[in-house]
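Here is the structure we will look at.
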Amino acid sequence: MLNAPPHRHLPVAASPLLAVAAPAQALLLTENAALTNGPPLLFQRLTAKEREEVLCEGQKRVVYRGKMLFSQGTPHDGIFLIESGRVRVFYIAPSGREITLAYWNSGNFVGGPELFGQGQHVWSGVAATNCVVVHLTGKTLRRLIAQIPGFAIGLIEGLTFKGKCYSALAQMLGTRSVTERLAHLLLHLSDAYGVREEGAIVIGTPFTHADLAHMVGATRQWVTISLKRLQEQGVLKAEKAKIMVYDVDALHAMRGDR
(Lines of atoms letter the chains of each structure in order from A and count residues from 1; the text may use other names and numbers.)
(Lines give C-alpha, C1' and ligand atoms only; values in the text may rest on other atoms or scores of the structure.)
Protein backbone atom coordinates (compact mmCIF):
# COMPACT_ATOMS: atom_id res chain seq x y z
CA MET A 1 0.00 0.00 0.00
CA LEU A 2 1.22 3.48 -0.83
CA ASN A 3 1.20 5.74 2.19
CA ALA A 4 1.21 9.03 0.30
CA PRO A 5 -1.25 11.19 -1.64
CA PRO A 6 -1.51 10.95 -5.41
CA HIS A 7 1.08 12.97 -7.26
CA ARG A 8 -0.09 15.95 -9.26
CA HIS A 9 0.25 14.60 -12.75
CA LEU A 10 3.04 15.96 -14.88
CA PRO A 11 2.63 15.77 -18.64
CA VAL A 12 3.64 12.30 -19.75
CA ALA A 13 6.25 13.79 -22.06
CA ALA A 14 8.03 15.24 -19.00
CA SER A 15 8.49 11.88 -17.33
CA PRO A 16 12.16 10.82 -16.88
CA LEU A 17 11.01 7.28 -17.73
CA LEU A 18 10.66 8.40 -21.34
CA ALA A 19 14.42 9.06 -21.51
CA VAL A 20 15.95 5.78 -22.68
CA ALA A 21 19.53 6.90 -23.28
CA ALA A 22 20.96 6.44 -19.77
CA PRO A 23 21.02 2.98 -18.15
CA ALA A 24 18.93 2.28 -15.07
CA GLN A 25 21.16 1.99 -12.01
CA ALA A 26 20.98 -0.25 -8.96
CA LEU A 27 23.00 -0.92 -5.82
CA LEU A 28 23.36 -4.55 -4.82
CA LEU A 29 25.86 -6.96 -3.31
CA THR A 30 27.38 -8.99 -6.13
CA GLU A 31 30.76 -10.13 -7.45
CA ASN A 32 29.45 -10.07 -11.01
CA ALA A 33 30.72 -6.80 -12.49
CA ALA A 34 28.15 -6.95 -15.30
CA LEU A 35 25.31 -6.65 -12.79
CA THR A 36 26.66 -3.45 -11.24
CA ASN A 37 25.92 -1.56 -14.47
CA GLY A 38 22.21 -1.93 -13.86
CA PRO A 39 19.40 -3.76 -15.67
CA PRO A 40 18.33 -3.39 -19.30
CA LEU A 41 16.16 -0.35 -19.94
CA LEU A 42 12.49 -1.27 -19.58
CA PHE A 43 11.34 1.01 -22.41
CA GLN A 44 14.26 0.59 -24.81
CA ARG A 45 12.26 -1.50 -27.32
CA LEU A 46 9.20 0.76 -27.27
CA THR A 47 8.28 3.58 -29.62
CA ALA A 48 7.59 7.01 -28.12
CA LYS A 49 3.86 6.41 -28.57
CA GLU A 50 4.06 3.03 -26.78
CA ARG A 51 6.04 4.51 -23.88
CA GLU A 52 3.43 7.22 -23.44
CA GLU A 53 0.65 4.62 -23.62
CA VAL A 54 2.21 2.58 -20.79
CA LEU A 55 2.64 5.63 -18.54
CA CYS A 56 -0.89 6.88 -19.22
CA GLU A 57 -2.24 3.55 -17.95
CA GLY A 58 -0.51 3.91 -14.58
CA GLN A 59 -1.19 5.99 -11.48
CA LYS A 60 1.60 8.38 -10.54
CA ARG A 61 2.24 8.98 -6.85
CA VAL A 62 4.73 10.56 -4.51
CA VAL A 63 6.07 8.23 -1.82
CA TYR A 64 7.98 10.02 0.91
CA ARG A 65 11.19 8.71 2.45
CA GLY A 66 10.53 5.89 4.90
CA LYS A 67 7.07 5.06 3.54
CA MET A 68 6.28 1.57 2.27
CA LEU A 69 5.38 0.86 -1.34
CA PHE A 70 4.49 -2.76 -0.58
CA SER A 71 4.95 -5.12 2.36
CA GLN A 72 6.00 -8.75 2.64
CA GLY A 73 2.99 -11.03 3.06
CA THR A 74 0.40 -8.54 1.77
CA PRO A 75 -1.73 -9.20 -1.35
CA HIS A 76 0.05 -8.41 -4.60
CA ASP A 77 -1.44 -5.87 -7.00
CA GLY A 78 1.02 -5.01 -9.75
CA ILE A 79 4.37 -3.28 -9.98
CA PHE A 80 5.84 0.21 -9.50
CA LEU A 81 7.95 2.02 -12.09
CA ILE A 82 10.46 4.30 -10.35
CA GLU A 83 10.38 7.71 -12.02
CA SER A 84 12.68 9.38 -9.49
CA GLY A 85 14.30 8.51 -6.17
CA ARG A 86 15.59 5.25 -4.72
CA VAL A 87 13.67 2.24 -3.37
CA ARG A 88 15.14 -0.33 -0.96
CA VAL A 89 13.83 -3.87 -1.34
CA PHE A 90 14.34 -6.13 1.67
CA TYR A 91 13.31 -9.42 3.28
CA ILE A 92 12.50 -9.97 6.96
CA ALA A 93 13.03 -13.45 8.43
CA PRO A 94 10.62 -14.93 11.01
CA SER A 95 13.28 -14.09 13.62
CA GLY A 96 12.97 -10.42 12.67
CA ARG A 97 16.40 -10.28 11.07
CA GLU A 98 16.47 -8.13 7.95
CA ILE A 99 18.51 -8.36 4.75
CA THR A 100 18.57 -5.77 1.98
CA LEU A 101 18.19 -7.35 -1.45
CA ALA A 102 18.95 -4.22 -3.49
CA TYR A 103 18.46 -0.50 -3.91
CA TRP A 104 16.66 0.28 -7.17
CA ASN A 105 16.90 3.75 -8.75
CA SER A 106 15.02 5.69 -11.41
CA GLY A 107 14.25 3.63 -14.51
CA ASN A 108 13.75 0.36 -12.63
CA PHE A 109 10.56 -1.35 -11.55
CA VAL A 110 9.86 -3.01 -8.21
CA GLY A 111 7.11 -5.23 -6.88
CA GLY A 112 7.98 -8.52 -8.61
CA PRO A 113 8.59 -11.32 -9.16
CA GLU A 114 4.81 -11.59 -9.47
CA LEU A 115 3.38 -9.27 -12.10
CA PHE A 116 -0.32 -9.92 -12.45
CA GLY A 117 -1.69 -9.25 -9.00
CA GLN A 118 -1.85 -12.82 -7.75
CA GLY A 119 -0.53 -14.22 -4.48
CA GLN A 120 1.40 -12.18 -1.90
CA HIS A 121 4.53 -10.07 -1.86
CA VAL A 122 7.56 -12.18 -0.89
CA TRP A 123 9.59 -9.15 0.26
CA SER A 124 9.03 -5.48 1.02
CA GLY A 125 9.84 -2.18 -0.69
CA VAL A 126 10.39 1.14 1.09
CA ALA A 127 11.26 4.59 -0.23
CA ALA A 128 14.91 5.20 0.69
CA THR A 129 14.51 8.77 -0.58
CA ASN A 130 11.47 10.79 -1.63
CA CYS A 131 10.24 9.01 -4.74
CA VAL A 132 7.85 9.44 -7.63
CA VAL A 133 6.50 6.10 -8.87
CA VAL A 134 3.98 4.92 -11.43
CA HIS A 135 1.79 2.04 -10.25
CA LEU A 136 0.59 -0.44 -12.87
CA THR A 137 -1.98 -2.93 -11.61
CA GLY A 138 -1.81 -6.60 -12.53
CA LYS A 139 -4.89 -6.29 -14.72
CA THR A 140 -3.38 -3.33 -16.57
CA LEU A 141 -0.06 -5.14 -17.00
CA ARG A 142 -1.75 -8.18 -18.51
CA ARG A 143 -3.50 -5.98 -21.07
CA LEU A 144 -0.37 -3.95 -21.94
CA ILE A 145 1.75 -7.08 -22.34
CA ALA A 146 -0.80 -8.49 -24.80
CA GLN A 147 -0.83 -5.24 -26.77
CA ILE A 148 2.86 -4.22 -26.71
CA PRO A 149 5.34 -7.09 -27.27
CA GLY A 150 8.36 -4.84 -26.63
CA PHE A 151 7.03 -4.04 -23.19
CA ALA A 152 6.62 -7.75 -22.45
CA ILE A 153 10.24 -8.37 -23.49
CA GLY A 154 11.41 -5.50 -21.27
CA LEU A 155 9.63 -6.95 -18.25
CA ILE A 156 11.09 -10.42 -18.91
CA GLU A 157 14.59 -8.95 -19.23
CA GLY A 158 14.07 -6.99 -16.02
CA LEU A 159 12.90 -10.06 -14.11
CA THR A 160 15.83 -12.07 -15.49
CA PHE A 161 18.26 -9.39 -14.29
CA LYS A 162 16.68 -9.33 -10.83
CA GLY A 163 16.88 -13.12 -10.65
CA LYS A 164 20.60 -12.96 -11.40
CA CYS A 165 21.04 -10.24 -8.77
CA TYR A 166 19.36 -12.21 -6.01
CA SER A 167 21.23 -15.36 -7.01
CA ALA A 168 24.50 -13.42 -6.78
CA LEU A 169 23.49 -12.12 -3.35
CA ALA A 170 22.77 -15.67 -2.15
CA GLN A 171 26.20 -16.76 -3.41
CA MET A 172 27.89 -13.87 -1.58
CA LEU A 173 26.09 -14.67 1.67
CA GLY A 174 26.94 -18.35 1.38
CA THR A 175 30.59 -18.15 0.32
CA ARG A 176 32.00 -14.90 1.75
CA SER A 177 32.59 -14.03 5.39
CA VAL A 178 30.84 -10.96 6.78
CA THR A 179 34.22 -9.17 6.92
CA GLU A 180 34.82 -9.89 3.23
CA ARG A 181 31.30 -8.73 2.40
CA LEU A 182 31.82 -5.43 4.21
CA ALA A 183 35.09 -4.82 2.36
CA HIS A 184 33.39 -5.68 -0.92
CA LEU A 185 30.53 -3.27 -0.21
CA LEU A 186 32.90 -0.43 0.71
CA LEU A 187 34.86 -0.99 -2.52
CA HIS A 188 31.63 -1.09 -4.51
CA LEU A 189 30.40 2.15 -2.91
CA SER A 190 33.77 3.72 -3.67
CA ASP A 191 33.46 2.79 -7.34
CA ALA A 192 29.80 3.80 -7.64
CA TYR A 193 29.67 6.97 -5.54
CA GLY A 194 33.25 7.84 -4.62
CA VAL A 195 34.87 11.18 -5.44
CA ARG A 196 38.63 11.69 -5.05
CA GLU A 197 39.47 14.48 -2.63
CA GLU A 198 42.89 15.17 -1.09
CA GLY A 199 44.24 11.63 -1.12
CA ALA A 200 40.95 9.95 -0.21
CA ILE A 201 37.90 8.52 -1.94
CA VAL A 202 34.89 10.23 -0.40
CA ILE A 203 31.63 8.26 -0.42
CA GLY A 204 29.05 11.01 -0.05
CA THR A 205 25.86 8.97 -0.33
CA PRO A 206 24.53 8.86 3.25
CA PHE A 207 24.18 5.19 4.14
CA THR A 208 23.82 4.64 7.88
CA HIS A 209 25.57 1.86 9.79
CA ALA A 210 22.21 0.07 9.86
CA ASP A 211 21.94 0.39 6.07
CA LEU A 212 25.38 -1.17 5.63
CA ALA A 213 24.54 -3.92 8.12
CA HIS A 214 21.34 -4.83 6.27
CA MET A 215 23.29 -5.10 3.02
CA VAL A 216 26.06 -7.39 4.32
CA GLY A 217 23.92 -9.51 6.65
CA ALA A 218 25.35 -8.25 9.94
CA THR A 219 24.21 -6.28 12.98
CA ARG A 220 24.52 -2.51 13.20
CA GLN A 221 26.77 -2.91 16.24
CA TRP A 222 29.16 -5.17 14.32
CA VAL A 223 29.41 -2.67 11.45
CA THR A 224 30.04 0.20 13.86
CA ILE A 225 32.84 -1.72 15.61
CA SER A 226 34.37 -2.80 12.29
CA LEU A 227 34.38 0.73 10.87
CA LYS A 228 35.92 2.03 14.09
CA ARG A 229 38.66 -0.60 13.86
CA LEU A 230 39.33 0.31 10.22
CA GLN A 231 39.47 3.97 11.21
CA GLU A 232 42.04 3.21 13.92
CA GLN A 233 44.12 1.37 11.30
CA GLY A 234 44.03 4.41 9.00
CA VAL A 235 42.07 2.60 6.28
CA LEU A 236 39.12 4.98 6.33
CA LYS A 237 37.31 7.63 8.33
CA ALA A 238 33.59 7.27 8.93
CA GLU A 239 31.56 10.41 9.57
CA LYS A 240 27.81 10.92 9.86
CA ALA A 241 27.16 11.80 6.23
CA LYS A 242 30.16 10.30 4.45
CA ILE A 243 32.95 7.72 4.49
CA MET A 244 36.47 8.69 3.41
CA VAL A 245 38.58 5.75 2.18
CA TYR A 246 42.34 6.29 2.43
CA ASP A 247 43.70 2.78 1.80
CA VAL A 248 41.92 0.95 -1.02
CA ASP A 249 44.59 -1.77 -1.07
CA ALA A 250 43.77 -2.64 2.54
CA LEU A 251 40.11 -3.15 1.60
CA HIS A 252 41.15 -5.39 -1.31
CA ALA A 253 43.27 -7.46 1.10
CA MET A 254 40.38 -7.57 3.55
CA ARG A 255 38.16 -8.87 0.75
CA GLY A 256 40.67 -11.61 0.00
CA ASP A 257 41.79 -10.39 -3.42
CA ARG A 258 45.01 -11.84 -4.76
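Numbering (the working numbering), first residue to last: 1002 to 1259. Quick reminder that beta carbons are idealized off the backbone N, C-alpha and C, glycines included.
How many angstroms separate the CA atom of residue i from the CA atom of residue j?
| i | j | result |
| --- | --- | --- |
| Leu1043 | Ala1153 | 9 Å |
| Ile1080 | Lys1068 | 16 Å |
| Arg1046 | Gly1155 | 7 Å |
| Ala1129 | Asp1250 | 31 Å |
| Ser1085 | Ile1146 | 24 Å |
| Leu1228 | Phe1162 | 32 Å |
| Val1063 | Leu1137 | 14 Å |
| Gly1205 | Gln1148 | 43 Å |
| Phe1110 | Met1173 | 24 Å |
| Gly1164 | Phe1208 | 25 Å |
| Pro1114 | Lys1140 | 15 Å |
| Leu1142 | His1215 | 32 Å |
| Gly1235 | Thr1225 | 15 Å |
| Lys1241 | Leu1190 | 16 Å |
| Pro1095 | Pro1150 | 39 Å |
| Gly1112 | Val1133 | 15 Å |
| Lys1050 | Arg1197 | 42 Å |
| Leu1102 | Glu1053 | 30 Å |
| Asp1258 | Gly1175 | 18 Å |
| Ile999 | Arg1144 | Since the first and last residues shown for the chain are 1002 and 1259, residue 999 lies out of range. |
| Arg1230 | Leu1116 | 45 Å |
| Asp1078 | Leu1183 | 35 Å |
| Glu1181 | Thr1048 | 44 Å |
Leaving aside the five residues before and after residue i along the sequence, list all residues of the same chain whose C-beta is less than 7 Å from its C-beta, in chain order.
| i | result |
| --- | --- |
| Gln1232 | Lys1238, Ala1239 |
| Pro1076 | Gln1121 |
| Ile1100 | Phe1091, Tyr1092, His1215, Gly1218 |
| Val1123 | Gln1073 |
Looking at the structure shown, is residue i part of a helix, part of a strand, or coil, going by DSSP?
| i | result |
| --- | --- |
| Ala1129 | coil |
| Leu1070 | strand |
| Ile1202 | strand |
| Ala1153 | helix |
| Ala1027 | strand |
| Val1111 | strand |
| Arg1256 | helix |
| Gln1121 | strand |
| Gly1218 | coil |
| Arg1177 | coil |
| Asp1250 | helix |
| Arg1143 | helix |
| Arg1182 | helix |
| Gly1039 | coil |
| His1210 | helix |
| Arg1052 | helix |
| Arg1230 | helix |
| Gln1045 | coil |
So if DSSP puts residue i in a beta bridge, which residue, or which two residues, is it bridged to?
| i | result |
| --- | --- |
| His1136 | Gln1060, Phe1081 |
| Ile1093 | Glu1099 |
| Ala1239 | Ile1244 |
| Arg1087 | Asn1106 |
| Arg1197 | Ile1202 |
| Pro1076 | Gln1121 |
Once the 5 residues before and after residue i are set aside, which same chain residues still bring their CB inside 8 Å of it?
| i | result |
| --- | --- |
| Leu1188 | Val1249, Leu1252, His1253, Arg1256 |
| Val1179 | Val1217, Gly1218, Ala1219, Trp1223 |
| Ala1186 | With the sequence shown as reference, residue 1186 is identified as Leu, and Ala is not the correct amino acid for it. Cβ within range, chain order: Leu1030, Leu1213, Met1216, Val1217. |
Excluding the 5 residues flanking residue i on each side, which residues of the same chain have their C-beta closer than 6 Å to its C-beta?
| i | result |
| --- | --- |
| Gly1195 | Ile1202, Ile1204 |
| Ser1125 | Ser1072, Gln1073, Phe1091 |
| Arg1087 | Tyr1104, Asn1106, Ala1129, Thr1130 |
| Arg1221 | His1210, Ala1211, Ala1214 |
| Val1127 | Met1069, Arg1089 |
| Leu1028 | Tyr1104 |
Less than 7 Å between the CB of residue i and some heavy atom of the ligand GDP, yes or no?
| i | result |
| --- | --- |
| Ile1202 | This structure lacks the ligand GDP, and indeed carries no ligand of any kind. |
For the 8 Å Cβ check, are there 3 or more pairs between the stretch 1164 to 1182 and the stretch 1029 to 1036?
yes
Specify whether the stretch 1054 to 1062 and the stretch 1091 to 1106 touch according to this definition: at least 3 beta carbon pairs, one from each stretch, less than 8 Å apart.
no
If contact is defined by three or more beta carbon pairs under 8 Å, each pair taking one atom from either stretch, is the stretch 1200 to 1211 in contact with the stretch 1243 to 1257?
yes
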